[in-house]
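In terms of mature numbering (1 follows the signal peptide of the UniProt record, and there is no 0), the sequence shown is residues -17 to -1, 1 to 396.
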Amino acid sequence: MFAAPWIIILLSTTCYSLDNGLAKTPPMGWLSWERFRCNTDCVNDPDNCISEKLFQTMTDLVVADGYATAGYEYINIDDCWLEKHRGHDGKLLADHQRFPNGIRALSDYIHSRGLKFGIYEDYGNFTCAGYPGIIGYEQEDAFQFAEWNVDYVKLDGCYSLPHEMDLGYSKFGKLLNSTGKAMVYSCSWPVYQIYAGIQPNFSAVKTYCNLWRNFDDIQDSWTSVENIIDYYGNNQDLIAPNAGPGHWNDPDMLIIGNFGLSYEQAKTQFAIWSILAAPLLMSVDLRTIRPQFKRILQNRKIIAVDQDPLGIQGRRIYKHKGIEIWSKPIGPLYNNFYSYAIAFINRRSDGTPSDISVTLKELGLIHFYGYRVEDLYENVDYGVLYPNTKIKVKVNPSGVVMLKGEVQLPNEM
Ligand code: GLA
């Protein structure tokens, strides 16, 4: 008799986990916010305002300029796509001037180009920019997204109560699942709780969300990228173990190709984001991006590090006097010995490259038969090196050297 309630509780917690089968590797795509913000002035700035035209243009460029074949697949709207009020029937309405054909038509357009479609909402009374939030309309909105054939939902957390998020975010995740349309679920749940002094329940977060934000919004500056790198390094013991296939930490968008990062800094952002197994969401004007930044975003070898199927988030393994070494275990795996991606970064501001000398063993690469070592930006193959081999890299100020060490099998000696 007394056993029954426990059984019910157990069933209800196990049945309702997200498990939507999505985001087995970190999502890749394009997201409007960092670059295009809440520009709603299509009269004076028709080419840059948040409108169906902007998303169609970016869709076309993601396909035509090789981003799609490099792995970028989601075209995601961020804030400011809505009318200021819901319709009389309570439904969400896209701004009728900026999205004259409606959201389903945009979704169809993106799908017809072979890509996937993401949308933004907020678990609160309003979105961060003051448009209608989902509170009170959770069920209607989840089904509305399914009807619009949405593949990815970013749910922000402005104008809501952080202590209610455990319930609210998990409830909306279940509602998304109940629609029968699989949608990647991007949550801002932990970041708002951290700001409110609440320690997030990460085992719940990773059960319900495919990705989640932990820290500040990225801005168009190296300082902002550095702050994020520091946050992820300083808090890695808490954060890194939560990442894995289907559930990822999200250090926010890639700002590569915009105004604030130099070429070296852009390479560093891409390297560290891939070490972190971060979602790769470009927020950049693909009409005007310079070729050297495009090459960074399309570096297949570094994308492969980010997308490694083992899904292990890497860590900062060394930090001293402005030099940092970050390491991510990746496949192939041999006899429980991983291969590794290693990023050496130079946070110093003296204007000359810094030399870093280290043995493979000191980096944790201890397999007797060695590792084939390759530079992932310079495309140089250093051949097979052994644990006692000392390597020396020269790292430019605010730049990076990124290596991969592929574990060797005995017969490959
Ligand atoms: C918050 C989020 C950002 C962006 C804006 C939109 O600040 O963290 O990523 O979505 O809201 O208003």
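Note that beta-carbon positions come from the ideal geometry of N, C-alpha and C, so glycine has one too.
Less than 9 Å between the C-beta atoms of residue i and residue j, yes or no?
{"i": "TYR106", "j": "ALA254", "result": "no"}
{"i": "VAL356", "j": "GLY314", "result": "no"}
{"i": "PHE327", "j": "ILE349", "result": "no"}
{"i": "LYS157", "j": "TYR191", "result": "yes"}
{"i": "VAL167", "j": "ASN22", "result": "no"}
{"i": "LYS304", "j": "ILE325", "result": "no"}
{"i": "ASP203", "j": "GLY243", "result": "yes"}
{"i": "TYR354", "j": "SER332", "result": "no"}
{"i": "SER143", "j": "ASN108", "result": "yes"}
{"i": "GLY334", "j": "GLY227", "result": "no"}
{"i": "ILE102", "j": "ILE60", "result": "yes"}
{"i": "ASP235", "j": "GLU56", "result": "no"}
{"i": "PHE351", "j": "PRO380", "result": "no"}
{"i": "VAL390", "j": "VAL384", "result": "no"}
{"i": "VAL208", "j": "TRP195", "result": "no"}
{"i": "VAL136", "j": "PHE128", "result": "yes"}
{"i": "ALA223", "j": "ASN232", "result": "yes"}
{"i": "ALA260", "j": "ASP291", "result": "yes"}
{"i": "LEU263", "j": "ILE286", "result": "yes"}
{"i": "LYS284", "j": "GLY382", "result": "no"}
{"i": "GLU130", "j": "ARG87", "result": "yes"}
{"i": "VAL267", "j": "GLY229", "result": "no"}
{"i": "ASP139", "j": "THR162", "result": "no"}
{"i": "LEU343", "j": "LEU316", "result": "no"}
{"i": "LYS7", "j": "ILE58", "result": "no"}
{"i": "TYR115", "j": "GLU66", "result": "Sequence check: residue 115 is Pro here, not Tyr. It is a contact, given that the beta carbons lie within the stated cut-off."}
Give the DSSP-derived three-state secondary structure of residue i in the structure shown.
{"i": "SER337", "result": "strand"}
{"i": "MET148", "result": "helix"}
{"i": "ILE177", "result": "helix"}
{"i": "GLY382", "result": "coil"}
{"i": "ASN394", "result": "helix"}
{"i": "ARG18", "result": "helix"}
{"i": "MET265", "result": "strand"}
{"i": "PRO224", "result": "helix"}
{"i": "TYR365", "result": "strand"}
{"i": "ARG283", "result": "helix"}
{"i": "LEU(-7)", "result": "The pLDDT assigned to LEU(-7) is 39, lower than 50, so where the model puts this residue is not dependable; a value taken from the coordinates is nonetheless given after this. Reduced to three states, the DSSP call for LEU(-7) is helix."}
{"i": "ALA(-15)", "result": "Its pLDDT being 38, under 50, ALA(-15) is placed unreliably by the model, and the measurement read from it follows with that caveat. ALA(-15) falls in the helix class under three-state DSSP."}
{"i": "ILE201", "result": "coil"}
{"i": "TYR(-2)", "result": "Residue placement at TYR(-2) is poorly supported in this model, since its pLDDT is 49, which falls under 50; the coordinates are not used for a value here."}
{"i": "ALA165", "result": "coil"}
{"i": "ALA77", "result": "strand"}
{"i": "GLY85", "result": "helix"}
{"i": "GLY156", "result": "helix"}
{"i": "MET11", "result": "strand"}
{"i": "THR232", "result": "Reading the sequence as shown, one finds Asn at residue 232 and not Thr. Residue state, collapsed to three classes: strand."}
{"i": "LEU44", "result": "helix"}
{"i": "PHE126", "result": "helix"}
{"i": "LEU37", "result": "helix"}
{"i": "LEU65", "result": "strand"}
{"i": "ASN210", "result": "helix"}
{"i": "ILE238", "result": "coil"}
{"i": "ILE255", "result": "helix"}
{"i": "SER143", "result": "coil"}
{"i": "PRO292", "result": "coil"}
{"i": "GLN182", "result": "coil"}
Please name the residue or residues paired with residue i in a DSSP beta bridge.
{"i": "ARG96", "result": "DSSP lists no partner for ARG96."}
{"i": "PRO115", "result": "PHE109"}
{"i": "CYS170", "result": "LEU138 and TRP195"}
{"i": "ILE374", "result": "VAL341"}
{"i": "PRO312", "result": "TYR323"}
{"i": "ALA101", "result": "In the sequence as presented, Ala is not what sits at residue 101; that position holds Gly. According to DSSP, which records beta bridges pairwise, GLY101 is partnered with ASN59 and TYR135."}
{"i": "ARG355", "result": "VAL367 and GLU389"}
{"i": "ARG298", "result": "SER310"}
{"i": "ASN27", "result": "Partner(s): none; ASN27 has no beta bridge."}
{"i": "ASN318", "result": "Its beta-bridge partners do not exist; DSSP assigns none."}
{"i": "HIS303", "result": "ILE306"}
{"i": "ASN217", "result": "Paired residues: none, contrary to the question."}
{"i": "ILE349", "result": "DSSP output for ILE349 lists no bridge partner at all."}
{"i": "ILE328", "result": "GLU307 and VAL383"}
Is the beta carbon of residue i within less than 8 Å of some heavy atom of the ligand FMN?
{"i": "CYS111", "result": "Among the ligands modelled here, namely the ligand GLA, the ligand FMN does not occur."}
Could you check whether the segment 119 to 126 touches the segment 93 to 103, counting it as contact only if at least three pairs of C-beta atoms, one from each stretch, sit closer than 8 Å? no
Three Cβ pairs or more, each shorter than 8 Å: is that satisfied between the segment 265 to 273 and the segment 294 to 304? no
Mind the definition here: the segment 22 to 37 touches the segment 216 to 235 only if three or more C-beta pairs lie below 8 Å; say whether that holds. no
For the segment 329 to 340 against the segment 361 to 371, do three or more pairs of beta-carbon atoms, one drawn from each stretch, fall closer than 8 Å, so that the two count as touching? no
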